[in-house]
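Asks: Next up is a structure, given as structure tokens.
Number of protein chains: 4
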Amino acid sequence: MTSNHGAAGPDSHKVALIVGAGDALGGAIARRFAREGYTACVVRRSAEKLGPLVDAIASEGGRAVPFGIDARKEDQLVAMIERIEREIGSIEVVVFNIGANVRFPITETTTQKYFKVWEMACLAGFLTGRETARVMLGRGRGTILFTGATASVRGASGFAAFAGGKRGLRALAQSMARELWPKNIHVAHIVIDGAIDTEFVRTLFPERYALKEVDGILNPDHVAENYWFLHKQPRTAWTFEMDLRPYIEAW
Amino acid sequence: MTSNHGAAGPDSHKVALIVGAGDALGGAIARRFAREGYTACVVRRSAEKLGPLVDAIASEGGRAVPFGIDARKEDQLVAMIERIEREIGSIEVVVFNIGANVRFPITETTTQKYFKVWEMACLAGFLTGRETARVMLGRGRGTILFTGATASVRGASGFAAFAGGKRGLRALAQSMARELWPKNIHVAHIVIDGAIDTEFVRTLFPERYALKEVDGILNPDHVAENYWFLHKQPRTAWTFEMDLRPYIEAW
Amino acid sequence: MTSNHGAAGPDSHKVALIVGAGDALGGAIARRFAREGYTACVVRRSAEKLGPLVDAIASEGGRAVPFGIDARKEDQLVAMIERIEREIGSIEVVVFNIGANVRFPITETTTQKYFKVWEMACLAGFLTGRETARVMLGRGRGTILFTGATASVRGASGFAAFAGGKRGLRALAQSMARELWPKNIHVAHIVIDGAIDTEFVRTLFPERYALKEVDGILNPDHVAENYWFLHKQPRTAWTFEMDLRPYIEAW
Amino acid sequence: MTSNHGAAGPDSHKVALIVGAGDALGGAIARRFAREGYTACVVRRSAEKLGPLVDAIASEGGRAVPFGIDARKEDQLVAMIERIEREIGSIEVVVFNIGANVRFPITETTTQKYFKVWEMACLAGFLTGRETARVMLGRGRGTILFTGATASVRGASGFAAFAGGKRGLRALAQSMARELWPKNIHVAHIVIDGAIDTEFVRTLFPERYALKEVDGILNPDHVAENYWFLHKQPRTAWTFEMDLRPYIEAW
């Protein structure tokens, strides 16, 4: 860990916690906050896989701390937050960015799959939101950002599981916003509508990926800029929800 | 259908399956379908507690069969549906009517509570919808009705768990409707917005209950009429969603 | 008019006013209410063109009175309602059913066209709703039904004018419902999503019309049944909005 | 850009056109764009009343040009845009910011009032959007921003006219976005939900205004920052809609 960072300036004690830093978007958000002096606490199942992201942030002069936990597990999440607050700094902003996009006809959606999607997309978001709300309420400030998807606002055929999880997450965000905004905690929900520039899309959807040449897929850095913007909004004018999609996306 | 149809095989019986028949609304829906000659298969955790409902239906000349299962348990639900189809008749309409209305500040919402609300409001609905869809797809017809609530469309402060479950259920209904309507299975979602005339409301919210004198709380029989109406809609003009509330309700 | 209908029963003084009775749906709604004993006051620009509808209702034993007015003109609408109330009976239910579906790229949408669509879809609805609300408020009862469309909830490319008018109408319906429900006037909005079985569709969209053979376009009589159902809902459980589309419609 | 660019041809000037610059928000948006070097073309009925705004922008080193036109009049709007493009510069961003917030019971909403609200909130927005879209389509770029309100998404009791106009405007924005985004023109809609810090609120709603001390009313400069942010979004990640309200606002 970082207790030997004795010379750290004041900003080094502000933490941006990114739960779900395993994809391109989570990584870009972590880099964006790190560039502003936040210590990026980045979370995914396997801490080892976070090496490249931590290195990238360090190479830009920032600081990142990797955490390998399963965010669906209350005890792991609680312990991590406790440790961050004790050893690293105050969590000023948290981004919940775990997705679980699957598509199955309803009769082929196993109970195990339905449950797992909900655990990842929704339960982990609840645990992340609730536990960070606790520490933020103690300080009377903070920002909680949830990454949504098209499925957050629409239940398309074959998406009973994914839309169920994402709608549950959006309900969580709305309910928390209405409760926590008056306590100076900014809760917001970003609806990501479109393919993001990732290895996954490049490999599995090459035709879609080819749209990158005409700016037709979401650039993670551009998306991340919106998370930073939301975090910086003064409280006289806070946003609960905004959507993001490439200009050529049909919607 | 008459109660003396004792020797009739499964084919001669049309079944209305009411999952969540423990409240006034579930009971009223069961009676409504029974009056049209459907065998009402009524489900709640405790079969014994269904006695009064079964008797009431019988006293009106209808037929009801009680099932005491936990609809969150896949094996129990699958076994029940298999038995209904084999021994009682074809499930022509299913109503998922389990609620789980709780209210807590976010930091007082335990993981256990959050999970249980989702299990009842959403997972049980998924299991019910998927398993009845299977048998209906085999016949190429059927109606699947989900009971929603205000929380299905709004995440108010303190309702992270309930709104999460209800939104997930609505997403399920939408996704199933888009997939199954073209296969002649009518899936719909009814948004119940307001207090229903129940013992619960009468006891705990006497001021609210007093509105009954001016028709100010939902009459279960009136609500049930809408379920019957949706089931009878010809397929050239199906409804996915309708809301129901007393005339004096603020919304 | 009808003062010589000396033998009329009590129902003969109840009026169903259908503003926009020039299409298949308006006609079907008029017939539906006439079958229940309501005098159908049917309205379109040209009274002569209402002859076949009036005759059809008469041949079914009902009663219809044609009115040729421009519902965008306040004076004509006010005079008509005054005359109906004085000479025919009490307007118990009014259906606003004027559409104005056009599609143009934004830069080809003339101001004249944009204005006319709004006048037909929205202003006429406002005048109809306001003037019938006046007489209904005097009696402390009534039903006001607005016909919506897909564009009522979605602004698709090319539909700036039509969606603008239809959204305005839906806002009117919502605002009136919130104000008038507590005064015992039931205001509702029906979202018609799909092609209706009309001469227009038969001639201009023959491929779409061919879907009729598989119940794939909206049957006006089936749609009309929903208007009747809404009118009959007891006030303990009123619906504000329901959608209607054929089972095979994509949405 | 500097104020001494007197001899510069139109191409060297980027114009931000603010239609509805008579309130605090319109003024703040104009100042925000002027600070970035845009010539702020500011529009309200009376050009004289724009003097203080033009002076304020000049005192900050910016440039503003006042236009006194009635934006409901096609000929005036067309002539103004033609003149701006010919004499001042290219309209890179337009903000439609005319409101018309009134509240009346439905039966007290005169036709004149209903019409006027629609003309201001919706027709003027249509004309502004269509005419600026024309010149932007010629250049293949531009940003069109519409100011919405709570009434854009909700039709409360007494707001039939205002909600009708605002919903129509939102439908316009959605339809234009779906048509024009693929042509590289960014159309967005900002939902302003809450009182803005204005003379109007200070005078008429002193209790509301007192919330300013706890950041409880919308700061026009903070709101304006979001307009600038939307204009700068790269096209790989555009937003159609975002909401803005003070942290203590109930919603």
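Chains as they are written, first to last, in the numbering used here: chain A, 1 to 251; chain B, 252 to 502; chain C, 503 to 753; chain D, 754 to 1004.
A virtual CB, placed ideally from N, CA and C, is assigned to each residue, including glycine.
1) Rank C/Asn686, C/Gly696, C/Leu579 by C-alpha distance to the C-alpha of B/Val465 and give the top, closest one.
2) Assuming A/Ala40 and A/Ile57 form a contact by the criterion Cβ under 8 Å, report the distance between their Cβ atoms to the nearest whole angstrom.
3) Within a Cβ cutoff of 6 Å, which residues of the same chain sit near B/Ile332, ignoring the five residues on either side of it in sequence?
4) Anything in chain B within Cβ reach of A/Trp238, meaning under 7 Å, just list it in chain order.
5) Would B/Ile570 count as contacting chain C if we go by Cβ distances under 8 Å?
6) Alpha carbon to alpha carbon, how far is A/Leu123 from A/Gly216? Give it in angstroms, no decimals.
7) Which word fits D/Asp828, buried or exposed, when buried means at least 16 other C-beta atoms lie within 10 angstroms of its C-beta?
8) Tell me, please, which residues DSSP counts as bridged to D/Ser843.
9) Could you check whether B/Gly445 and B/Trp348 sit closer than 8 Å to each other, using their CB atoms as the reference points?
10) Which chain A residues are close to B/Ala272, counting only those with a beta carbon under 7 Å from its beta carbon?
11) Take C/Tyr729 as the anchor and find which of C/His691, C/Ala663, C/Tyr749, C/Trp620 has the nearest alpha-carbon.
12) Consider the C-beta atom of A/Ala100 and the heavy atoms of the ligand FAD; say whether any pair is separated by less than 7 Å.
13) For a cutoff of 8 Å on Cβ pairs, would you count A/Gly148 as touching chain B?
14) A/Thr107 versus chain B: which residues are under 8 Å apart at the beta carbon?
15) For C/Ala662, which residues in the same chain have their Cβ closer than 7 Å to its Cβ, ignoring the five residues on either side in sequence?
16) Starting from C/Thr672, find everything on chain D with Cβ-Cβ shorter than 8 Å and list it in chain order.
17) The alpha helix (DSSP H) that contains A/Met80, what's its start and end?
18) Can you pull the chain B neighbours of C/Val725, defined as C-beta to C-beta under 9 Å?
19) Would a check of beta-carbon distances place A/Phe126 closer than 8 Å to chain B?
20) Using alpha carbons as the reference points, say which of D/Ala1003, D/Gln986, D/Glu1002 lies closest to A/Leu244.
21) Cutting at 6 Å between CB atoms, please list the residues of its own chain near A/Gly140, excluding the five before and the five after it.
22) For C/Phe598 and chain B, any beta-carbon pair shorter than 8 Å?
23) By alpha-carbon positions, which one of A/Ile18, A/Lys116, A/Leu25 ends up nearest to A/Glu199?
24) Can you tell me the Cα-Cα spacing of D/Arg836 and D/Leu880, whole angstroms?
25) What in chain D is Cβ-close to A/Asp215, meaning under 8 Å?
26) So what's B/Gly274 in DSSP terms, helix, strand or just coil?
27) What do you get for A/Glu241, buried or exposed, if any count of 16 or more other CB atoms within 10 angstroms of its CB means buried?
28) Which stretch, first to last residue, makes up the alpha helix (DSSP H) that contains A/Leu169?
29) Would you kindly report the start and end of the unbroken beta strand (DSSP E) that includes C/Phe702?
30) Using a Cβ-Cβ cut-off of 8 Å, state whether A/Glu207 counts as contacting chain B.
31) For A/Thr239, which residues of its own chain have a beta-carbon under 8 Å away from its beta-carbon, when the five flanking residues on both sides are left out?
32) Indicate the three-state DSSP secondary structure (helix, strand or coil) for C/Gly511 in the structure shown.
33) Between B/Ala461, B/Ala351, B/Lys463, B/Trp502, which has its C-alpha nearest B/Thr398's C-alpha?
34) Rounded to a whole number of angstroms, what is the C-alpha to C-alpha distance between C/Val596 and B/Val474?
35) If you draw a straight line from the C-alpha of C/Ile571 to the C-alpha of C/Glu550, how long is it?
36) From the DSSP secondary-structure annotation, give me the bridge partner or partners of B/Leu203.
Replies: Let's see:
1) With distances taken between Cα atoms, B/Val465 lies closest to C/Asn686.
2) With a contact defined as Cβ atoms closer than 8 Å, A/Ala40 and A/Ile57 qualify at about 6 Å.
3) Glu382.
4) Near A/Trp238 there are no residues of chain B at all, since even the closest Cβ is about 15 Å away, more than 7 Å.
5) The question about residue 570 of chain B has no answer, for chain B in this structure spans 252 to 502.
6) Taking the straight line joining both Cα atoms gives about 32 Å.
7) Only exposed fits D/Asp828, as fewer than 16 other CB atoms lie within 10 angstroms of its CB.
8) In DSSP, D/Ser843 forms a bridge with D/Lys767.
9) Just to set this straight, residue 348 of chain B is Asn in the shown sequence, not Trp. It is not a contact, given that the beta carbons lie outside the stated cut-off.
10) Ordered by position in chain A, no residue passes the 7 Å Cβ test against B/Ala272, which lies about 23 Å from the chain.
11) When C/His691, C/Ala663, C/Tyr749, C/Trp620 are compared, the shortest CA-CA separation from C/Tyr729 is found for C/His691.
12) Absent from the structure shown: the ligand FAD. Ligands present: none.
13) Not one chain B Cβ lies under 8 Å of A/Gly148.
14) Within chain B, Arg381, Ala384, Arg385, Leu388 have C-beta atoms less than 8 Å from the C-beta of A/Thr107, given in sequence order.
15) Closer than 7 Å at the Cβ level, and outside the excluded window around C/Ala662, lie Ile608, Thr611.
16) Rather than Thr, the amino acid found at residue 672 of chain C in this sequence is Arg. Result: Gly908, Arg920.
17) Counting along the chain, the alpha helix (DSSP H) containing A/Met80 begins and ends at 74-83.
18) Those are Thr487, Ala488, listed as they occur along chain B.
19) Yes, because at least one Cβ of chain B sits closer than 8 Å to the Cβ of A/Phe126.
20) Residue D/Gln986 is the option with its Cα nearest to A/Leu244.
21) Closer than 6 Å at Cβ, skipping near neighbours: Asn184.
22) Among the CB atoms of chain B, none fall inside 8 Å of the CB of C/Phe598.
23) Residue nearest to A/Glu199 within the set A/Ile18, A/Lys116, A/Leu25 is A/Leu25 (criterion: CA-CA distance).
24) If I take the Cα positions, the gap works out to 16 Å.
25) Ordered by position in chain D, the residues that pass the 8 Å Cβ test against A/Asp215 are Pro987, Arg988, Thr989.
26) At residue 274 of chain B the sequence reads Asp, which differs from the Gly that was named. Three-state DSSP puts B/Asp274 in coil, outside helix and strand.
27) Label assigned to A/Glu241: buried.
28) Element bounds for A/Leu169: 160-180.
29) Run containing C/Phe702: none in the beta strand (DSSP E); it sits in the alpha helix (DSSP H), 701-706.
30) So no, A/Glu207 is outside the interface.
31) Around A/Thr239: Ala188, Leu230, Gln233.
32) Its pLDDT being 46, under 50, C/Gly511 is placed unreliably by the model, and the measurement read from it follows with that caveat. For C/Gly511, the secondary structure class from DSSP, reduced to helix, strand or coil, is coil.
33) It is B/Ala351.
34) About 24 Å.
35) C/Ile571 and C/Glu550: Cα-Cα distance of roughly 11 Å.
36) This structure cannot speak to residue 203 of chain B, because chain B is shown only from 252 to 502.
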